[in-house]
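Going down the list, the protein sequences come from chains A and B. Position 104, counted from 1, in the first sequence is what UniProt numbering calls 104; the numbers after and before it change by one each time, with no gaps. Position 24, counted from 1, in the second sequence is what UniProt numbering calls 24; the numbers after and before it change by one each time, with no gaps.
Protein chains: 2
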Amino acid sequence: MTLDEIDRRILAILQQDAGLPLEEIGSRVSLSRNAVWRRIRLMEEAGVIRARVALLDAEALGLGLSVFLMIRTSDHRPDWLERFARATRDLPEILGAYRMTGDLDYLIHARVADVKAYDALYQRLIRRVDLSDVSASFVMEELKDTTALPL
Amino acid sequence: MTLDEIDRRILAILQQDAGLPLEEIGSRVSLSRNAVWRRIRLMEEAGVIRARVALLDAEALGLGLSVFLMIRTSDHRPDWLERFARATRDLPEILGAYRMTGDLDYLIHARVADVKAYDALYQRLIRRVDLSDVSASFVMEELKDTTALPL
DNA sequence: ATTGAAAGGAAATTTTG
DNA sequence: CAAAATTTCCTTTCAAT
Chain A
1 MTLDEIDRRI LAILQQDAGL PLEEIGSRVS LSRNAVWRRI RLMEEAGVIR ARVALLDAEA
61 LGLGLSVFLM IRTSDHRPDW LERFARATRD LPEILGAYRM TGDLDYLIHA RVADVKAYDA
121 LYQRLIRRVD LSDVSASFVM EELKDTTALP L
Chain B
1 MTLDEIDRRI LAILQQDAGL PLEEIGSRVS LSRNAVWRRI RLMEEAGVIR ARVALLDAEA
61 LGLGLSVFLM IRTSDHRPDW LERFARATRD LPEILGAYRM TGDLDYLIHA RVADVKAYDA
121 LYQRLIRRVD LSDVSASFVM EELKDTTALP L
């Protein structure tokens, strides 16, 4: 699918606020609500728009601690990766898990209540997969954190 | 604000799909659409629900490369942090920027088209702030990546 | 091929019991 | 908290560019 300038402007708006009326979006991109509606539907069908979700406030939910785990492993069997992938998917505190280039093998991003909850998560994780070298780094300050992709 | 079990179930649904009719949500949590509507409104006012946004497909937008930058700095003046924070906010490819504990000082998560685009981003960044020690690690495989917080 | 206008239907919001 | 009344918005259709 090829996106034109107007499509991108619509996406930019939707990335900020997916709850705006079509009328309002239309006026911002100078199009009728109808044209906007059809463009959005096409982009949804094409999969450019993956989902519309609510973003929650982690603090308000008592998840004040954001943590990154840098993982090095000696075990590179496909079976290990499968178990690791499954473990990360099963643990809801884990928001992101990535296989990386460079000297660290895997990176995990998680959100927990506090250091104690982090330790519980860590224990649950290593009970499911063998991790030789894990180092945790906690987020002291969030300078930026967005789901909006550059357009 | 205190959330009960039903509030959490509503939030869990909204984190997955914020476009469902109140009727549907109501039937899933066995509540009238009206009760659901009021609970959602309260949670929006309380800031538990921060926003409703569209999540876009990075691949479809030609942003196939996800990269993490681990940054160490020797300059710890508040002025430096201010410039750094502003730079990360101004560069749309940067999705997340965090001040960390431990041996690495800052962590940046960015999304770009390819290695060439990464280099362009890197150049733009170091033109704005003095970075003594930067190491980039690219994402080879996304095992998990979600905006849904644990409830 | 893509748009805008208008009609129709569905869902959200307000009001009331 | 639920049910009905009201309003707003989404969706479809159709004509026009």
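Where is the CB? At the ideal position from N, CA and C, for every residue including glycine.
Give the interface partners of residue i over in chain B, defined as CB-CB distance under 7 Å, in chain order.
i: residue 144(A); result: 88, 89, 94, 96 and 97
i: residue 19(A); result: 52
i: residue 85(A); result: 143
i: residue 74(A); result: Under the 7 Å cutoff, chain B gives no residues; its nearest Cβ is about 18 Å from residue 74(A).
Between residue i and residue j, which are expected to be in contact by the criterion C-beta below 8 Å, what is the C-beta distance as a whole number of angstroms?
i: residue 66(B); j: residue 139(B); result: 4 Å
i: residue 53(B); j: residue 55(A); result: 6 Å
i: residue 98(A); j: residue 143(B); result: 6 Å
i: residue 114(B); j: residue 50(A); result: Not really, about 21 Å apart at Cβ, beyond 8 Å.
i: residue 137(B); j: residue 84(B); result: Not confirmed; about 19 Å, so no contact.
i: residue 80(A); j: residue 29(A); result: With 8 Å as the limit, residue 80(A) and residue 29(A) do not qualify as a contact, their Cβ atoms being about 49 Å apart.
Interface residues of chain B around residue i at Cβ under 9 Å?
i: residue 15(A); result: 53, 54, 55 and 56
i: residue 107(A); result: 68, 137 and 139
i: residue 11(A); result: 54, 56 and 61
Determine the chain B residues that contact residue i at a beta-carbon separation under 8 Å, and present them in chain order.
i: residue 111(A); result: 149 and 150
i: residue 47(A); result: 57 and 60
Using DSSP's beta-bridge definition, name the partner residues of residue i.
i: residue 96(A); result: 109(A) and 145(B)
i: residue 136(A); result: 69(A)
i: residue 53(A); result: 53(B)
What number of angstroms, rounded off, separates the C-alpha of residue i from the C-alpha of residue j?
i: residue 147(A); j: residue 146(B); result: 10 Å
i: residue 33(A); j: residue 40(A); result: 11 Å
i: residue 16(B); j: residue 24(B); result: 14 Å
i: residue 70(A); j: residue 107(A); result: 5 Å
i: residue 131(A); j: residue 102(B); result: 20 Å
i: residue 89(A); j: residue 18(B); result: 21 Å
i: residue 27(B); j: residue 37(B); result: 13 Å
i: residue 22(B); j: residue 9(B); result: 13 Å
i: residue 93(B); j: residue 123(A); result: 34 Å
i: residue 77(B); j: residue 14(A); result: 37 Å
i: residue 141(A); j: residue 109(B); result: 14 Å
i: residue 75(B); j: residue 82(B); result: 12 Å
i: residue 119(A); j: residue 64(B); result: 33 Å
i: residue 20(A); j: residue 62(A); result: 29 Å
With a Cβ-Cβ cutoff of 8 Å, do residue i and residue j count as a contact?
i: residue 111(B); j: residue 95(B); result: yes
i: residue 117(B); j: residue 48(A); result: no
i: residue 104(A); j: residue 72(A); result: yes
i: residue 151(B); j: residue 12(B); result: yes
i: residue 121(B); j: residue 87(B); result: no
i: residue 4(B); j: residue 43(B); result: no
i: residue 1(A); j: residue 46(A); result: yes
Give the interface partners of residue i over in chain A, defined as CB-CB distance under 8 Å, in chain order.
i: residue 141(B); result: 98 and 99
i: residue 102(B); result: 135, 136, 137 and 138
Can you pull the chain A neighbours of residue i, defined as C-beta to C-beta under 9 Å?
i: residue 64(B); result: Near residue 64(B) there are no residues of chain A at all, since even the closest Cβ is about 12 Å away, more than 9 Å.
For the ligand MG, is there any heavy atom lying closer than 7 Å to the beta carbon of residue i?
i: residue 64(B); result: Ligands are entirely absent from the displayed structure, and the ligand MG is therefore not among its contents.
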